[in-house]
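One structure is given here, and the rest of the page talks about it.
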Amino acid sequence: MDVEQILEAIPELSDLELAVLLGLVAKHPCLVYGDRNIMGALASELALIVSDIFKLTYVVLEEADYVSVDTFTDAILDDQSANLNESDLDSDSDAVGALRSRIQNVSFRGSRGHIEQTLDTRMVVNVIIAKDFNQACHDVQIQMMELIRRRRIFSKTTVHPAPKTFLFLPIISTDQKHIRLNHHLTDRLFLSHSHTLDDGFPNVEELENDVAGHRSDLSKTSSDRLHISSEVLDDLRRLGQQTTITPEVRRHLQDLVVFLRLERGVDGGITPYSNVCFVSLAKYLAPLHGIDFVTPSLIELAAKKIFPHRLVIARPDRERSTQFGSNGEAIKDYVNTLSPERVIDMVIAKVPGPI
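The opening residue of the sequence shown carries number 1 in UniProt numbering; numbering runs sequentially from there.
Put into structure tokens, the structure is as follows:
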């Protein structure tokens, strides 16, 4: 399917399909929240989206895969990618130069015989779906951040590159939001999305119906589904980068950032990198809405996806009005009512849009 057909099909995509699409277009990881009782279905839905719509390889990680860096590294490697092509790698990856000079087979000859060792040339899978990744140890989270930044990961014997199309999708239970990821890794997450049971799992339900009905024409129904190729992703990325932002709309964006930083219940999280992501998401949303310019409503929509996982709600003793003698109990009651989503809504309501 070409870009025009994809844009026409955008209204039919589910929220999770849109989140994955935006992550792949932006080349940045996305965080997904869900209730504890739907974690398995949520991971299955994402896996079906990745494999059926985008035709990408994936792995679903459990807590047992975060025991050590070695366990984590081995879990995310694709056993089918030993015969890789250089065109499959991101041109910005540090691994490209290393792979050009790679020796495929290293032979060691000793006096007592001949020993031949083959270099491990496996690549990282296209998409990593990591359940409860906030439970991972610090070293594993740092290794993941290095993979996001450098597009390669080290093992004991070699360097494994990430493919050109790569996405990290951590899934965190809503009852464990207080267990935060490493703050550097949190800042690297492009956007966050909350999925509930009421939102449904259309791909999982469709698969279950197919299995229950014992369909014999599964290949036909699969071919009729939406398929988004890497070329379409490149075209959507180009359209987003060409999107126009007027000075008035850009000022509205910066006003939201400033007001979020100064909001009395906020104790951090509005970083320079989050501003870059804020602008990028607003621009990538425009072509999905059939326009080539950013509107104030797209800015506000982007704010609700960029900042919730980044915002740090202040403790009562760090709330700004304590500097002016506010009552401690009143501050505590006020802070307890705050959430990142509520703070963002409050700021959007008080910041006037461009006329």
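Just so it is clear, CB atoms sit at the ideal spot from N, CA and C, and this is done for glycine as well.
Collapsing the DSSP output to three states places residue 160 in a strand. For residue 56, the secondary structure class from DSSP, reduced to helix, strand or coil, is coil. Contact between residue 193 and residue 305 holds: their C-beta atoms lie close to 7 Å from each other, under 8 Å. Assignment of beta-bridge partners to residue 131 by DSSP yields 171.
Taking 8 Å as the cut-off, the beta carbon of residue 142 is found no closer than this to the beta carbon of residue 61. For secondary structure counted as the alpha helix (DSSP H) over 4 or more consecutive residues, the segment 286–312 holds these complete runs in sequence order: 296–306.
Per DSSP, reduced to three states, the secondary structure at residue 227 is coil, with no helix or strand assignment. Sequence-distant Cβ neighbours of residue 49 in its own chain, meaning closer than 7 Å and more than five residues away, are 16, 17, 20, 203.
The C-beta separation of residue 145 from residue 188 comes to about 6 Å, placing the pair in contact by the 8 Å criterion. In the same chain as residue 266, and ignoring 5 residues on each side of it, the C-beta atoms closer than 8 Å to its own belong to 260, 311, 312, 313, 314, 343, in chain order. Check the Cα spacing between residue 243 and each of 200, 294, 340, 186: the tightest is with 294. Rounded to whole angstroms, the gap between the alpha carbons of residue 51 and residue 131 is 18 Å. In this structure, DSSP gives residue 183 a helical state, which the three-state scheme calls helix. In the DSSP assignment, residue 274 is bridged to no other residue. Residues 70 of the same chain have their beta carbon placed closer than 8 Å to that of residue 156, with the five preceding and five following residues left out of the count. The C-alpha of residue 320 lies about 5 Å from the C-alpha of residue 264. In chain order, 138, 141, 142, 145 place their CB closer than 8 Å to the CB of residue 182, counting only its own chain and leaving out the 5 sequence neighbours on each side. Sequence-distant Cβ neighbours of residue 347 in its own chain, meaning closer than 7 Å and more than five residues away, are 256, 259, 260, 263. Per DSSP, the unbroken beta strand (DSSP E) holding residue 195 starts and ends at 191–195. Residue 63 sits away from residue 176, with the two beta carbons spaced by 8 Å or more. In the DSSP assignment, residue 66 falls outside any beta strand (DSSP E), carrying neither H nor E. Counted as a single uninterrupted DSSP element, the alpha helix (DSSP H) harbouring residue 259 occupies residues 247–262. Look at the beta carbons and you see the segment 26–35 touching the segment 158–173: at least three pairs across the two are nearer than 8 Å. Looking at the DSSP output, residue 154 bridges to 159. Contact annotation: residue 232 and residue 6 have beta-carbon atoms nearer than 8 Å. Straight-line spacing of the CA atoms in residue 271 and residue 25 works out to 22 Å.
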